[in-house]
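Top line first, the protein sequences correspond to chains Z and P. Counting in the working numbering, the first sequence runs from 2 upward without gaps. Counting in the working numbering, the second sequence runs from 2 upward without gaps. We put the CB at the ideal spot given by N, CA and C, even for glycine. This report concerns only the one structure given below.
2 protein chains.
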Amino acid sequence: MTQGMPKLEVCLSPALLHLYDTTDTVVVIIDVFRATSTIAAALHNGAKCVIPVASVSECIEIGHKIPNSITAGERDGKVAEGLEHGNSPSEYPGAFVEGKTLVLTTTNGTRLLHMVKNAHNIITGSFLNLDAVSDFLLQQNKNVLLGCSAWKDRFNLEDTLLAGAIASKLKDHFNVNCDSTRAANYLYERSGGHDFTSFLKDSSHYLRLSKFGLEKDLEYCTTPNLHPVVPILKGHELIVHK
Amino acid sequence: MTQGMPKLEVCLSPALLHLYDTTDTVVVIIDVFRATSTIAAALHNGAKCVIPVASVSECIEIGHKIPNSITAGERDGKVAEGLEHGNSPSEYPGAFVEGKTLVLTTTNGTRLLHMVKNAHNIITGSFLNLDAVSDFLLQQNKNVLLGCSAWKDRFNLEDTLLAGAIASKLKDHFNVNCDSTRAANYLYERSGGHDFTSFLKDSSHYLRLSKFGLEKDLEYCTTPNLHPVVPILKGHELIVHK
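This is how it looks when you write it as structure tokens:
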């Protein structure tokens, strides 16, 4: 821990966000199962942008206004009524998504993203773009907040594990005096640093989603660096950082 | 995980307490550094009861009303103005505390204790009474919430580590499907299950308190089973459960 380095902290739930000052900070929104995984996949596969929205009705409304758009979102593991597609990263191959605007409604991730105020930048992180996000954070030389989307405000293992993976890559370059970050790091060490799928098989969210037959999706979402892009928020749109 | 068993959950911060239903639940208030450690020490050493209060002024007021009472509490590592004693468990040997009422003001632990509603019982836990608390919870056959007092609502390692130690002892007898409990368990495993002092030397709170020269206190607070009592709330008083 050295003075003068930028600070890195982990926020374990949107219900704790008020404890952190995000002014001039780079905030990483993490929603591993599955919003920020799907965002990385869609943008890497050539989507023009992703517009994250909170509600199904807003998703439909914005989808109507934008030509060449896809409306997507799930509730309880199924495509939400009135929308066209789901939350799975595997639904967005290049042949389908290239050049299109994905209007995506998710609950936990989108809510957190809209709660962040005065950040220098907001980006999204997942295992699918782990190294790309870590490299981006290294280059910025700004304070960093890794924001776990959690599940209805409850702490979850998968988002915290990713926060630990990012923190572990960055810890020599940031001032870390935050017990949440220490705990996230321990989780990452405990996972062995590679087989995230196995480590997460015992988590609440995995157990919940696997009841919907989504095991393949969960494996996809825990595979590191398949989609090495940095989605960055510009106005209301997430685009690939160049 | 078996249906029919009572449920065990861990709440990582008072700011997350609203997510848990504490009705008919046994709630364990955990404030390792140092309120619930001091409570265990004082009661084991013969104090008649401990009255936890939120503010210094309330502490003084109640102290005036109760004969043979001690008013205690710290702010920023020093005895608070108007009070007689501090927050250290080592300040309350039997020769001093026996038969007396300890009116104790602390910030994080007391606040959490007063936030809990409709519980079956509220008890306090620390490393000093780890096994006594675990045995008590086993006997109750009720849902359990391990409530970490945290630090100004921020997650902390020491309270979560104790929650993990308790959960680890109870996991075969409770239904555990809570990622916070899983994470707390991993921390406990990572600590090796015995040398809690070393494990916590890198925590925020340890670093903060050791600046006040409180290392010996921190060692005391992380020593398992020195004070094997179960402090239980009856009205406004914590007394030893018989």
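query: Between which two residues does the alpha helix (DSSP H) harbouring residue 198/Z extend?
result: That run of the alpha helix (DSSP H) goes 197 to 201.
- request: Scan the region 30 to 54 of chain Z and note each continuous beta strand (DSSP E) run of 3 residues or more that stays entirely inside, going in chain order.
  value: 50 to 54, all fully within the region 30 to 54 of chain Z.
message: I need the DSSP call for residue 243/Z, collapsed to helix, strand or coil.
response: Under the three-state reduction of DSSP output, residue 243/Z falls in the coil class, being neither helix nor strand.
query: From what residue to what residue does the alpha helix (DSSP H) around residue 211/P run?
result: Secondary structure note for residue 211/P: its alpha helix (DSSP H) is the uninterrupted segment 205 to 211.
Chain-order list of residues whose beta-carbon lies under 8 Å from that of residue 57/Z (same chain, five-residue window excluded): These residues qualify, in order along the chain: 74, 76, 81, 82, 83, 84 and 106.
- prompt: Does the region 87 to 102 of chain Z come close enough to the region 194 to 202 of chain Z to have 3 or more Cβ pairs within less than 8 Å?
  reply: No: fewer than three Cβ pairs fall under 8 Å.
task: Could you check what DSSP says for residue 134/Z in three-state terms: helix, strand or coil?
output: Helix at residue 134/Z.
field: CB contact flag (residue 222/P, residue 128/P, <8 Å)
entry: Cβ atoms of residue 222/P and residue 128/P: closer than 8 Å.
message: Determine whether the beta carbon atoms of residue 28/P and residue 137/P lie at a separation below 8 Å.
response: With respect to the 8 Å criterion, residue 28/P and residue 137/P are not classified as neighbours on the basis of their beta carbons.
query: How many Å lie between residue 21/P and residue 154/P at the Cα?
result: Taking the CA atoms as reference points, residue 21/P sits about 16 Å from residue 154/P.
query: Taking the C-alpha atoms as reference points, what is the distance between residue 219/Z and residue 121/P?
result: If you take the alpha carbons of residue 219/Z and residue 121/P, they lie about 39 Å apart.
message: Taking 8 Å as the threshold (beta carbon to beta carbon), is residue 171/Z in contact with chain P?
response: For residue 171/Z, no CB of chain P lies under 8 Å from its own CB, so it is not counted at the interface with that chain.
field: Where residue 165/Z falls, given that 16 or more other Cβ within 10 Å makes a residue buried
entry: A residue is called buried once 16 or more other Cβ atoms fall within 10 Å of its Cβ, and residue 165/Z is buried on that count.
C-alpha gap between residue 177/P and residue 110/P, whole angstroms: Looking at the two C-alpha atoms, the distance is approximately 24 Å.
query: What first and last residue would you give for the beta strand (DSSP E) that runs through residue 74/Z?
result: Going by DSSP, residue 74/Z is part of the beta strand (DSSP E) stretching over 70 to 76.
message: Which same chain residues end up closer than 8 Å to residue 242/P when comparing Cβ atoms and leaving out the 5 residues on each side of it in sequence?
response: Hits under 8 Å: 124, 137, 230, 231, 232 and 233.
message: Between residue 184/Z and chain P, is the shortest Cβ-Cβ distance under 8 Å, so that the two count as touching?
response: Using a CB distance cut-off of 8 Å, residue 184/Z counts as an interface residue toward chain P.
- prompt: What in chain Z is Cβ-close to residue 158/P, meaning under 8 Å?
  reply: Listed along chain Z are 180, 183 and 184, each with a C-beta nearer than 8 Å to that of residue 158/P.
Residues of the region 15 to 32 of chain Z with Cβ closer than 7 Å to any Cβ of chain P, in chain order: Residues passing the 7 Å Cβ filter: 16, 17 and 20.
Classification of residue 199/P by the beta-carbon crowding that lies within 10 angstroms, buried from 16 upward: Exposed, by the Cβ-count rule.
- request: Compute the Euclidean distance between the alpha carbons of residue 67/Z and residue 51/Z, then round it to the nearest angstrom.
  value: Cα-Cα distance, rounded: 12 Å.
query: With a cut-off of 8 Å, does the C-beta of residue 35/Z fall near any C-beta of chain P?
result: It does not: the Cβ of residue 35/Z has no partner Cβ on chain P nearer than 8 Å.
field: Proximity below 8 Å, CB of residue 15/Z to CB of residue 204/Z
entry: It is not a contact, given that the beta carbons lie outside the stated cut-off.
query: In three-state DSSP terms, what is residue 57/Z?
result: For residue 57/Z, the secondary structure class from DSSP, reduced to helix, strand or coil, is helix.
Nearest candidate by alpha-carbon position, reference residue 130/Z, set 39/Z, 237/Z and 23/Z: Comparing Cα-Cα distances from residue 130/Z to each of 39/Z, 237/Z and 23/Z, the minimum goes to 39/Z.
message: Excluding the 5 residues flanking residue 35/P on each side, which residues of the same chain have their C-beta closer than 6 Å to its C-beta?
response: If we look at residue 35/P and ignore the five residues flanking it on each side, its Cβ neighbours are 88 and 222.
Chain-order list of residues whose beta-carbon lies under 8 Å from that of residue 47/P (same chain, five-residue window excluded): Taking residue 47/P as the centre and dropping the five residues before and after it, the same chain places the C-beta of 95, 98, 99 and 100 closer than 8 Å to its C-beta, in chain order.
query: Quick one: what does DSSP say residue 98/Z is sitting in, helix, strand or coil?
result: The answer is helix: DSSP assigns residue 98/Z an H, G or I state.
message: Less than 8 Å between CB atoms is the rule here; does residue 199/Z satisfy it with respect to chain P?
response: No - not a single Cβ of chain P is within 8 Å of the one on residue 199/Z.
- request: Using a threshold of 8 Å, state whether the C-beta atoms of residue 162/Z and residue 188/Z are closer than that.
  value: Contact flag set, yes.
field: Contacting residues, own chain, Cβ-Cβ under 6 Å from residue 45/Z (five flanking each side not counted)
entry: Excluding positions up to five away in sequence, the list reads 228 and 230.
message: Cutting at 7 Å between CB atoms, please list the residues of its own chain near residue 182/P, excluding the five before and the five after it.
response: Scanning its chain for C-beta atoms nearer than 7 Å, with the 5 sequence neighbours on each side dropped, one finds around residue 182/P the residues 9, 10, 11 and 168, in chain order.
task: Give the residues of chain P in contact with residue 187/Z, contact being defined as C-beta atoms less than 7 Å apart.
output: Result: 187, 188 and 191.
task: Determine which residues of the region 128 to 157 of chain Z have a Cβ less than 7 Å from any Cβ of chain P, and write them out in chain order.
output: Close to chain P, meaning a Cβ-Cβ distance shorter than 7 Å, are the following residues of the region 128 to 157 of chain Z: 154, 155, 156 and 157.
- request: Starting from residue 222/Z, trace the alpha helix (DSSP H) both ways and give me its first and last residue.
  value: In the DSSP assignment, residue 222/Z falls within the unbroken alpha helix (DSSP H) covering 216 to 222.
- prompt: Is the CB of residue 163/P under 8 Å away from at least one CB in chain Z?
  reply: For residue 163/P, no CB of chain Z lies under 8 Å from its own CB, so it is not counted at the interface with that chain.
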